[in-house]
Amino acid sequence: MAPYIGTSTSRVDGFTKVTGAAKYAAEFNVPGLAYGSVVTSTIAKGRIVRIDPSAALRVKGVLDVLTHENRPPMADNDEAYKDEVAPAGSPFRPLYDSRIMFNGQPIALVVAETSEIARFAASLVQVEYEKNAHVTDVYRRREAATAVKPPTNPLEALFTAPKTRGRPEQALAAAAVRHAGEYYVPIEHHNPMELYAATAVYEANGKLTVYDKTQGVQNVQHYLCGVFSMKPADVRVMSPFMGGGFGSGLRPQFEVVLAVLAALALKRPVRVVLTRPQMYGLGYRPAMIQRIELGASTDGTLETITHDAITVTSQYEDFFRQETGWSGLLYKSTNAKYVHKLARLDLSTSCDMRCPSAATGVYALESAMDELAVALKVDPLELRLRCYSERDQNNDRPFSSKALRECYRQGAEAFGWDRRNPEPRSMRDAGDLVGWGMATGVWDALQWSITVRVVLSANGHAEVACATSDIGTGTYTIMAQVAADMLGLPLENISIKLGDSSLPQSPVEGGSWIAASVSNGIATTAEAIRDELLRLAKQMPNSPLANMAPDEVALADGKLMSKGDASRSVSITDAMRHGAVDRIEREKTTNPTDDPTHSHNTHAAVFAEVKVDEQLGVIRVTRVVSAVAAGRILNTKTASSQILGSVVWGIGMALHEETLIDHRLGRIINANIADYHVPVNADVHDIKVIFVDEPDDTINPLGIKGLGEIGIVGVAAAIANAVYHATGKRVRDLPITLDKLRL
Numbered sequence: 000m001a002p003y004i005g006t007s008t009s010r011v012d013g014f015t016k017v018t019g020a021a022k023y024a025a026e027f028n029v030p031g032l033a034y035g036s037v038v039t040s041t042i043a044k045g046r047i048v049r050i051d052p053s054a055a056l057r058v059k060g061v062l063d064v065l066t067h068e069n070r071p072p073m074a075d076n077d078e079a080y081k082d083e084v085a086p087a088g089s090p091f092r093p094l095y096d097s098r099i100m101f102n103g104q105p106i107a108l109v110v111a112e113t114s115e116i117a118r119f120a121a122s123l124v125q126v127e128y129e130k131n132a133h134v135t136d137v138y139r140r141r142e143a144a145t146a147v148k149p150p151t152n153p154l155e156a157l158f159t160a161p162k163t164r165g166r167p168e169q170a171l172a173a174a175a176v177r178h179a180g181e182y183y184v185p186i187e188h189h190n191p192m193e194l195y196a197a198t199a200v201y202e203a204n205g206k207l208t209v210y211d212k213t214q215g216v217q218n219v220q221h222y223l224c225g226v227f228s229m230k231p232a233d234v235r236v237m238s239p240f241m242g243g244g245f246g247s248g249l250r251p252q253f254e255v256v257l258a259v260l261a262a263l264a265l266k267r268p269v270r271v272v273l274t275r276p277q278m279y280g281l282g283y284r285p286a287m288i289q290r291i292e293l294g295a296s297t298d299g300t301l302e303t304i305t306h307d308a309i310t311v312t313s314q315y316e317d318f319f320r321q322e323t324g325w326s327g328l329l330y331k332s333t334n335a336k337y338v339h340k341l342a343r344l345d346l347s348t349s350c351d352m353r354c355p356s357a358a359t360g361v362y363a364l365e366s367a368m369d370e371l372a373v374a375l376k377v378d379p380l381e382l383r384l385r386c387y388s389e390r391d392q393n394n395d396r397p398f399s400s401k402a403l404r405e406c407y408r409q410g411a412e413a414f415g416w417d418r419r420n421p422e423p424r425s426m427r428d429a430g431d432l433v434g435w436g437m438a439t440g441v442w443d444a445l446q447w448s449i450t451v452r453v454v455l456s457a458n459g460h461a462e463v464a465c466a467t468s469d470i471g472t473g474t475y476t477i478m479a480q481v482a483a484d485m486l487g488l489p490l491e492n493i494s495i496k497l498g499d500s501s502l503p504q505s506p507v508e509g510g511s512w513i514a515a516s517v518s519n520g521i522a523t524t525a526e527a528i529r530d531e532l533l534r535l536a537k538q539m540p541n542s543p544l545a546n547m548a549p550d551e552v553a554l555a556d557g558k559l560m561s562k563g564d565a566s567r568s569v570s571i572t573d574a575m576r577h578g579a580v581d582r583i584e585r586e587k588t589t590n591p592t593d594d595p596t597h598s599h600n601t602h603a604a605v606f607a608e609v610k611v612d613e614q615l616g617v618i619r620v621t622r623v624v625s626a627v628a629a630g631r632i633l634n635t636k637t638a639s640s641q642i643l644g645s646v647v648w649g650i651g652m653a654l655h656e657e658t659l660i661d662h663r664l665g666r667i668i669n670a671n672i673a674d675y676h677v678p679v680n681a682d683v684h685d686i687k688v689i690f691v692d693e694p695d696d697t698i699n700p701l702g703i704k705g706l707g708e709i710g711i712v713g714v715a716a717a718i719a720n721a722v723y724h725a726t727g728k729r730v731r732d733l734p735i736t737l738d739k740l741r742l
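Following numbering that gives the first Met the number 0, the residues of the sequence shown are numbered contiguously, the last one being 742.
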């Protein structure tokens with residue numbers, strides 16, 4: 000039986016999805032289901048003076064209108080609202096009191112017999128406010144931005160800017176060639192297809208079963224237990240399928256609190272589905288102002304780098320990620336300084352969005368490197384090779400693996416980079432200016448502790464269970480592939496259970512860490528299954544495995560066999576039947592490999608071609624080549640899809656995406672997918688994905704790094720650099736739109 004790991008395997012849940020059998024949070028129907036519609040604030044800061052639900056309550060079919068004045072009891076301390084990935088500060092408490100902290104904040108929930116009645120009645124709720132002055136423009140808070148506080152725990156340390164190296168200011172002053180530039184990335188919103196929703200089912204015994212759109216069911220369960228002072232045994236959270244999250248579901252969102260509030264108040268099941276505009280009241284990629292200064296010698300040696308960033312957070316929480324230190328992983332520089340500040344605005348708290356920090360921080364870094372290459376009159380790829388770092392300079396240690404040079408080589412060859420004319424505006428195709436740009440991508444290869452349960456039946460079927468999520472990336476499939484190989488069973492004999500808080504422990508799914516974590520978790524538990532099978536096999540008369548140690552046997556083709564002599568084997572079925580065992584169940588926790596001597600990262604080289612209409616300034620991204628080194632690839636089909644989707648998102652970041660705010664009102668004015676522009680089919684042309692072989696037996700036993708994030712890093716910079724090459728016009732603030740290009 001050929002191995003499944005590393006093959007182009009179709010999704011095991013594909014049939015369930017395309018036939019409509021897969022149920023999402025808003026599709027679990029139960030008798031007596033009521034529907035909630037959210038009323039949101041129309042001011043950005045202040046307090047509610049009076050809220051009048053009387054007109055809504057007079058509508059036939061309305062069951063109740065919940066506000067801060069009549070809701071069921073909720074916890075009164077910040078700690079109860081802290082979730083697994085909450086930043087420092089005071090978490091938002093939905094419907095807690097009269098304070099308004101951002102425009103679009105939920106202030107009431109109308110509950111009715113149908114969703115149509117609830118939505119209509121919600122429009123009748125009257126609210127009077129006391130308004131306070133607000134600020135939603137990052138540039139107005141630029142001077143008031145404060146430095147990120149020193150870390151108080153390992154998670155915060157992961158997100159804190161690296162320490163200064165050498166004497167960067169003096170080195171910059173002495174550098175023969177200098178570049179300084181300011182780069183801006185606007186607020187961006189996730190816009191997953193599936194709207195955020197929660198169906199809270201109130202059981203007769205007072206327990207709750209909650210179907211929620213989330214990237215972490217146990218995180219939501221823990222959060223709900225804290226907010227409502229409930230026992231974990233009384234709250235079960237389920238999310239078997241998710242229609243895209245991209246980081247917006249790492250933290251519990253307010254729809255689940257509102258659904259549970261209503262279910263507790265009415266003692267009946269309640270569903271709350273947010274509208275598309277209400278989705279913009281959730282988290283977002285923070286706006287970011289960056290200033291980068293580079294100093295180099297005339298031969299391209301990078302002498303110094305300073306990278307300063309100001310990112311947006313709310314008034315009540317300090318959300319941030321490590322934005323500025325990525326150069327320390329890529330380019331040799333004896334001198335470096337990184338500064339990160341926060342601008343607190345009257346908005347909801349920013350949050351993780353696909354490849355948080357690297358997507359934005361590397362955009363500025365790789366744009367600056369391109370500008371330095373122009374100043375040096377050196378090919379952009381050649382400059383990166385001259386500055387290539389074999390060590391993580393931030394932590395002064397080598398990488399467990401780094402095949403970035405090979406990414407550069409294979410990507411450049413596939414793209415035809417050697418045919419590039421370096422002069423801006425020198426390449427043309429009919430009436431279009433043609434530009435070629437490139438950039439580097441980098442991301443952390445992270446892993447977390449996880450627990451996996453495997454139940455092996457005597458008929459050769461195995462059930463693998465873990466509370467992790469499948470956010471649409473293919474977790475069901477890779478879990479089945481790994482389990483099939485580790486247990487020596489056909490793929491169709493594996494069933495996967497996930498997305499249920501009652502299952503064994505899992506972290507939230509994000510940061511590209513679940514593939515590595517859960518796969519190695521399956522391998523650990525499969526070893527325990529193997530050990531028990533070997534014990535049973537040794538008890539058989541004249542057992543061919545009588546003298547074998549556990550590490551001398553493996554599971555393959557439905558058998559337990561000697562690694563050195565495949566003829567010495569016992570079938571799984573025979574071993575279990577002889578031992579009078581119907582099933583073997585094992586549950587094991589796997590912790591990440593403790594390797595403080597290496598840094599673990601994924602890398603990519605991105606090459607982009609743009610064609611710009613010289614008369615109209617219209618930009619088309621006609622070709623992208625993305626060469627990725629991300630350790631062992633579990634599934635080439637789903638992995639390629641991950642990178643393809645990431646590249647499309649990078650096109651959006653470069654040319655389309657921007658959340659627009661009317662700063663007079665503090666209100667988002669393009670809170671819909673008609674006015675918030677994302678790439679459509681006509682914007683997406685040829686994309687080639689290359690996976691560079693990168694063995695890594697140090698990071699974990701299976702050599703897996705994960706690749707959900709790396710595909711977007713560097714794409715926006717490669718496109719921006721290509722636009723400069725095509726037009727001679729350098730646009731440093733995204734997105735690159737017609738008005739900024741002005742040919």
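Virtual Cβ for every residue (Gly too), placed ideally from N, Cα, C.
Take the alpha-carbon of Glu405 and the one of His602: they are about 10 Å apart. In the DSSP assignment, Phe690 forms a beta bridge with Val627. Out of Ile521, Asn492 and Gly88, the CA that lies nearest to the CA of Ser505 is found in Ile521.
Nearest Cα to His133 within the set Tyr95, Ala54, Leu664 and Asn671: Leu664.
In summary, Thr310 is buried, with 16 or more beta-carbon neighbours lying within 10 Å of its beta-carbon over all protein chains present. In this structure, Leu329 places its C-beta atom within 8 Å of the C-beta atom of Thr439. Minimum Cα-Cα distance from Lys687 among the listed residues Thr736, Val624 and Asp417 corresponds to Val624. The beta carbon of Val569 is closer than 7 Å to those of Ala536, Met539, Ser542, Pro543, Leu544, Lys558 and Leu559 in its chain, skipping five residues each way along the sequence. With a contact defined as Cβ atoms closer than 8 Å, Gly88 and Tyr315 qualify at about 5 Å. Across the set Lys230, Asn458, Gly459 and Arg275, the C-alpha of Arg275 shows the shortest separation from the C-alpha of Asp674. When the Cα atoms are used, Glu586 and Val453 turn out to be separated by approximately 6 Å. A check of alpha carbon separations from Leu633 across Arg622, Ala721, Ser518 and His684 identifies Ser518 as the nearest.
The shortest C-alpha to C-alpha distance from Ile495 to any of Pro489, Val507 and Ala479 is the one to Ala479.
Burial state of Pro595 is exposed, judged by a 10 Å Cβ sphere holding fewer than 16 other Cβ atoms. Distances from the alpha-carbon of Lys16 to those of Ile689, Ser500, Phe240 and Tyr387 put Phe240 closest. By the CB criterion at 8 Å, Leu403 and Ala33 fall outside the cutoff.
Secondary structure at Leu544: coil, using DSSP grouped into helix, strand and coil. Pro153 sits in a helix when the DSSP states are folded into three classes. Here the stretch 201 to 213 makes contact with the stretch 231 to 246; the two share three or more CB pairs at distances below 8 Å.
In this structure, Ile618 and Ile528 do not form a Cβ contact; the two beta carbons are roughly 55 Å apart against a cut-off of 8 Å.
Inter-residue distance for Asn546 and His460 is about 27 Å (C-alpha atoms, whole angstroms). At the C-beta level, Asp63 and Val124 stay beyond 8 Å of one another. For Gln125, the enclosing beta strand (DSSP E) has its first and last residue at Gln125 to Lys130.
It is roughly 11 Å from the alpha-carbon of Met652 to the alpha-carbon of Arg353.
Counting along the chain, Thr467 sits inside no beta strand (DSSP E), nor does DSSP assign it H or E at all. Exclusion of the five residues before and after Leu382 leaves Gly299, Met368, Leu371, Ala372 and Leu375 as the residues of its chain whose Cβ lies within less than 8 Å of its Cβ. Listed in chain order, the beta strand (DSSP E) runs fully inside the stretch 452 to 520 are 461 to 464 and 493 to 496, counting runs of at least 3 residues. For Phe398, the beta-bridge partners assigned by DSSP are Ser598. Close CB contacts of Ile513 within its chain, under the 7 Å cut and outside five residues either way in sequence, are with Thr467 and Thr474 (chain order). A contact between stretches requires three or more CB pairs, one per stretch, nearer than 8 Å, and the stretch 253 to 273 fails this requirement with the stretch 157 to 167.
Around the beta carbon of Tyr138, fewer than 16 other beta carbons lie within 10 angstroms, which makes this residue exposed. Under the DSSP assignment, Thr572 falls in the alpha helix (DSSP H) whose first and last residues are Ile571 to His577. Around His221, the same chain offers Asp82, Glu83 and Pro231 as residues with beta carbons nearer than 8 Å, after the five sequence neighbours per side are excluded. Residue state for Phe606 is assigned as strand, using DSSP reduced to three classes. For Val58, no alpha helix (DSSP H) run applies, since DSSP gives it neither H nor E. DSSP places Arg177 in the uninterrupted beta strand (DSSP E) bounded by Val176 to Val184.
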